[in-house]
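Structure record follows, encoded as structure tokens.
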Amino acid sequence: MDHQTYFLLLLPPLIFIIFILKHFSSHQNKNHPPSPPSLPVIGHLHLLNLKNPLYLTLTSLSSLYGPIFSLRLGCKSFLIISSPSAVEESFTTNDVVFANRPTSVAGDHLTYNYSSYSWSPYGHLWRVLRRLTVVELFSSHSLQRSAHIREEEMLRILRLLRKESGKRVDLNNVISTFSFNVVMRGIAGKLCVGEEEIGTEAGREILRWMRAMFSPTVLLGMCDYFPILRMIGYKGLEKNAVLMQKKRDKFLQAMVDEIREKSSVAPAAAEDKMRGGNLTERLLSVQASGPDLYNDDVIKSILVVMLAAGTDTSALTMEWAMSNLLTQPHVLQKLQQEIDNNVGHDHLINDADLPKLPYLRCVVNETLRLHPVAPLLLPHLSSEQCRVGGYDIPRGTILLVNAWAVHRGPSQWDDPEKFYPERFEGLEAEREGSRFLPFGTGRRACPGAAMAMRTVSLALGAFVQCFEWGKGDVEVDFGVDLAVTLRKAKPLEAVCVVRNEALHLL
């Protein structure tokens, strides 16, 4: 046997040995975060109890391994943090490092090639999209411009509740209708659920369809942990994502085309469109100045974010807030007294009244602390090696912030399990973004926080101003289901009775 043959036979084991030695030496000098014992191939997947919400499982692991620990799920590495100091370091010192989002099978199909500003890579496109959405949606001027929509839709819901006075009502359906109608009017100038459909089976079916299409979905799944599963079409997950995107795109493209056609039939000056009209009209006006950058896919990606992040999330917060008020009558009474003293009954509460109602804001903040709608926020991805809490974090690590654990940490909050809105008086706690982060923190924090606060506060204030509330003979269920968002396992029902002093407002 010649030397060349010997070399070819020895080459594969030599390469394998060199790889193992390199891997070992690269880890020997690294100070990695603590991690539970793992299994070959699957890593720590066996530790995730599918019968419990993920944030609770991670909280339990944090009690064993500390507020900074790592997990490996298949081929993906995760860093889990649940302390304010780790949050602050991740989003100040390492803010740019963690400014990216992980890619995934679902993301490949549901985000218009990551042109959505929530999921786009950190860089020029993300800056352009964020600037555009902040100006068109979330600036003070934009919020003021859309105030009448929130107020009109709230009145529509209050009139429905007046008809049900003295009865047990499905608050989940009522609140969801309000939330979806506000967003649809804002982006398309029309209702999601028509007035004659509110409270009917037809209206509920519309809401079910919209939730199925636009509720936040798991953007990291089994096919992402084990790429071979993607190759064999595991459980049809990728096929389902493709089908869902086709349905979404058909709905959104029809909406964009309809608004484009109306604008062409009744053209208005570009400046008038930019100042008023719905969001899609304004985005189409922007498109005219830069059709390559602001193409239809970019416009639809913005609409997807509004429908996914601006509807169910606000509705869930309102539902949790009402759940807490029903079980804490002294808080409900104090809030009602504040509204009576500062708004009265000569007009229905509106956006301009909200700054005069600090306790209302405290109630909303305390709801967001105990029940953050996104308990693990959105995942971040490290673009290079960095250090967090003295540990070395490799490039390509997915960062999960356990906001639920941070919000209930006994070292951060007195009596953290108690619903106590007074803890937010003075707004000091609200400003501390490392221990109160319902909308995330850092440069990729949710830009719609101000709109969400206004929407939730207005609805909650109007409910309390116009009705007396009770849970009746059924206890409020605080159980949660296994969704990505913090959703109640059992939709909230309550008894409402219109207040005599508010009759003329409805």
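Numbering (this note's numbering), first residue to last: 41 to 546. Virtual Cβ for every residue (Gly too), placed ideally from N, Cα, C.
Report the three-state DSSP secondary structure of proline 531 (helix, strand or coil). For the purposes of this step, residue 531 is taken as residue 491 along the sequence shown, with counting starting at 1. Looking at proline 531 - three-state DSSP - the assignment turns out to be coil, as it is neither helix nor strand.
Cβ-based burial, leucine 211 [other Cβ within 10 Å; buried from 16]: Translated into the one-based positions of the sequence shown, residue 211 becomes position 171. The residue is buried, with at least 16 neighbouring Cβ atoms inside 10 Å.
Assuming glutamate 508 is part of the beta strand (DSSP E), what are its boundary residues? On the sequence shown, residue 508 is found 468 positions in, with the first residue counted as 1. Counting along the chain, the beta strand (DSSP E) containing glutamate 508 begins and ends at 507-510.
Output yes or no for whether 9 Å exceeds the beta carbon distance between leucine 498 and leucine 365. Numbered from 1 along the sequence shown, position 458 holds the residue referred to as residue 498. Numbered from 1 along the sequence shown, position 325 holds the residue referred to as residue 365. No, these two residues do not count as a Cβ contact at 9 Å.
DSSP puts serine 110 in a beta bridge; with which residues? Here residue 110 is taken as the residue at index 70 of the sequence shown, counted from 1. DSSP lists Leu119 as partners of serine 110.
Whether leucine 269 touches serine 144 by CB criterion (9 Å): The residue you call residue 269 lines up with position 229 of the sequence shown. The residue you call residue 144 lines up with position 104 of the sequence shown. Going by C-beta atoms, leucine 269 is not nearer than 9 Å to serine 144.
Which first and last residues belong to the alpha helix (DSSP H) in which valine 428 is found? Residue 428 sits at position 388 when you count from the first residue of the sequence shown. Unbroken run through valine 428 is the beta strand (DSSP E), 426-428; no alpha helix (DSSP H).
Proximity of isoleucine 400 and isoleucine 433 at Cβ, strictly below 9 Å: Taking the sequence shown and counting its residues from 1, the one referred to as residue 400 is at position 360. Taking the sequence shown and counting its residues from 1, the one referred to as residue 433 is at position 393. The sequence shown places leucine at residue 400, rather than the isoleucine named in the question. Not in contact: leucine 400 and isoleucine 433 (Cβ atoms no closer than 9 Å).
Environment of leucine 549 [buried if 16+ CB atoms lie within 10 Å]: The structure shown does not extend to residue 549, since the chain spans only 41 to 546, so no value can be given for it.
CB-CB length for threonine 495 against valine 413, believed under 8 Å: Translated into positions along the sequence shown, residue 495 becomes position 455. Translated into positions along the sequence shown, residue 413 becomes position 373. The Cβ separation is near 13 Å, so there is no contact.
So, helix, strand or coil for asparagine 140, using DSSP? Start at 1 with the first residue of the sequence shown, and residue 140 comes out as number 100. Here asparagine 140 sits in strand by DSSP.
Between valine 537 and the rest of its own chain, which residues show a CB-CB distance below 7 Å, the 5 nearest in sequence each way excluded? Walking along the sequence shown from the start, residue 537 turns up at place 497. Once the five neighbours on either side are set aside, the close Cβ partners of valine 537 are Ser205, Gly206, Phe507 and Glu508.
Whose CA, out of Tyr265, Ser186 and Thr151, lies closest to the CA of methionine 284? Translated into the one-based positions of the sequence shown, residue 284 becomes position 244. For methionine 284, the nearest C-alpha among the options comes from Thr151.
Euclidean distance between Cα positions of alanine 252 and serine 158: If you number the sequence shown from 1, residue 252 lands on position 212. If you number the sequence shown from 1, residue 158 lands on position 118. Rounded to whole angstroms, alanine 252 to serine 158 spans 19 Å at the Cα level.
Let me know the secondary structure DSSP gives alanine 309 once reduced to three states. Against the sequence shown, residue 309 aligns to sequence position 269. Because alanine 309 carries a pLDDT of 46, less than 50, the predicted location of this residue cannot be relied on, and the following value inherits that uncertainty. Alanine 309: coil per DSSP, three-state reduction.
Taking 8 Å as the threshold, find out whether the stretch 344-360 comes into contact with the stretch 525-543 through three or more Cβ pairs. yes
In or out: glutamine 376 buried (at least 16 other Cβ within 10 Å) or exposed? Here the question's residue 376 lines up with position 336 in the sequence shown. With 16 or more Cβ atoms within 10 Å of its Cβ, glutamine 376 is classed as buried.
What number of angstroms, rounded off, separates the C-alpha of isoleucine 246 from the C-alpha of alanine 492? By one-based count along the sequence shown, residue 246 stands at place 206. By one-based count along the sequence shown, residue 492 stands at place 452. Rounded to whole angstroms, isoleucine 246 to alanine 492 spans 22 Å at the Cα level.
When the Cβ atoms of the stretch 121-134 are set against those of the stretch 419-435, are three or more pairs found closer than 8 Å? yes
Cβ pair arginine 170, valine 222 closer than 9 Å: Against the sequence shown, residue 170 aligns to sequence position 130. Against the sequence shown, residue 222 aligns to sequence position 182. For arginine 170 and valine 222, no; Cβs fall outside 9 Å.
Lysine 116 versus aspartate 386: straight-line alpha-carbon distance, rounded: The sequence position of residue 116 within the sequence shown is 76, counting from 1. The sequence position of residue 386 within the sequence shown is 346, counting from 1. Distance between the alpha carbons of lysine 116 and aspartate 386: 58 Å.
Out of curiosity, what's the CA-to-CA distance linking serine 182 and leucine 172? Along the sequence shown, one-based indexing puts residue 182 at 142. Along the sequence shown, one-based indexing puts residue 172 at 132. Going from the Cα of serine 182 to the Cα of leucine 172 covers about 12 Å.
Rounded to a whole number of angstroms, what is the C-alpha to C-alpha distance between glutamate 311 and arginine 288? In the sequence shown, counting from the first residue as 1, residue 311 sits at position 271. In the sequence shown, counting from the first residue as 1, residue 288 sits at position 248. With a pLDDT of only 44 at glutamate 311, under 50, the local geometry of the prediction cannot be trusted, and the value read off the model is given with reservation. The straight-line gap from Cα to Cα measures roughly 30 Å.
Alpha carbon of proline 161 to alpha carbon of leucine 417, nearest angstrom: Reading the sequence shown from its first residue, position 121 is the one you call residue 161. Reading the sequence shown from its first residue, position 377 is the one you call residue 417. C-alpha separation (whole angstroms): 17 Å.
Going by beta carbon distance, what residues of the same chain come within less than 8 Å of aspartate 337, once the five residues before and after it are set aside? In the sequence shown, residue 337 corresponds to position 297, counting from 1. Hits under 8 Å: Tyr152, Asn153 and Ser155.
First and last residue of the beta strand (DSSP E) that includes arginine 208? Looking up residue 208 in the sequence shown gives position 168. Start and end: 208-210.
Taking the C-alpha atoms as reference points, what is the distance between proline 514 and threonine 367? Walking along the sequence shown from the start, residue 514 turns up at place 474. Walking along the sequence shown from the start, residue 367 turns up at place 327. According to the sequence displayed, residue 514 carries valine and not proline. Near 11 Å, if we compare the C-alpha coordinates of threonine 367 and valine 514.
Whole angstroms are fine: how far does the CA of glycine 350 sit from the CA of alanine 309? Position 269 of the sequence shown holds residue 309. Position 310 of the sequence shown holds residue 350. With a pLDDT of only 46 at alanine 309, under 50, the local geometry of the prediction cannot be trusted, and the value read off the model is given with reservation. Alanine 309 and glycine 350: Cα-Cα distance of roughly 29 Å.
With distances taken between CB atoms, is the gap from alanine 392 to phenylalanine 178 smaller than 9 Å? Residue mapping note: residue 392 aligns to position 352 of the sequence shown, counting from 1. Residue mapping note: residue 178 aligns to position 138 of the sequence shown, counting from 1. No; because the gap between Cβ atoms is not below 9 Å, this pair is not in contact.
In the DSSP assignment, find the beta strand (DSSP E) that holds tyrosine 431 and state where it starts and stops. Stepping through the sequence shown from its first residue, residue 431 is reached at position 391. That run of the beta strand (DSSP E) goes 431-433.
First and last residue of the uninterrupted beta strand (DSSP E) at isoleucine 438: Counting from one through the sequence shown, the residue named residue 438 turns up at place 398. It spans 438-441 - the beta strand (DSSP E) in which isoleucine 438 sits, taken as one unbroken run.
DSSP on leucine 79, reduced to helix/strand/coil? Here the question's residue 79 lines up with position 39 in the sequence shown. Leucine 79: strand per DSSP, three-state reduction.
For lysine 133, count neighbouring Cβ atoms within 10 angstroms of its own Cβ and tell me buried if that reaches 16, exposed if not. As a first step, residue 133 is located in the sequence shown; it is residue number 93 there, counting from the start. The sequence shown places threonine at residue 133, rather than the lysine named in the question. Exposed: under 16 other Cβ atoms inside 10 Å.
Closest residue to proline 369 among Asn382, Gly512 and Gly234 (Cα-Cα distance): In the sequence shown, residue 369 corresponds to position 329, counting from 1. The option with the nearest alpha carbon to proline 369 is Gly512.
Three-state class that DSSP yields for histidine 164 in the structure shown: Residue 164 sits at position 124 when you count from the first residue of the sequence shown. Correct three-state label for histidine 164: helix.
What would DSSP say about cysteine 536, mapped onto helix, strand or coil? Indexing the sequence shown from 1 puts residue 536 at position 496. DSSP places cysteine 536 in strand when its eight states are reduced to three.
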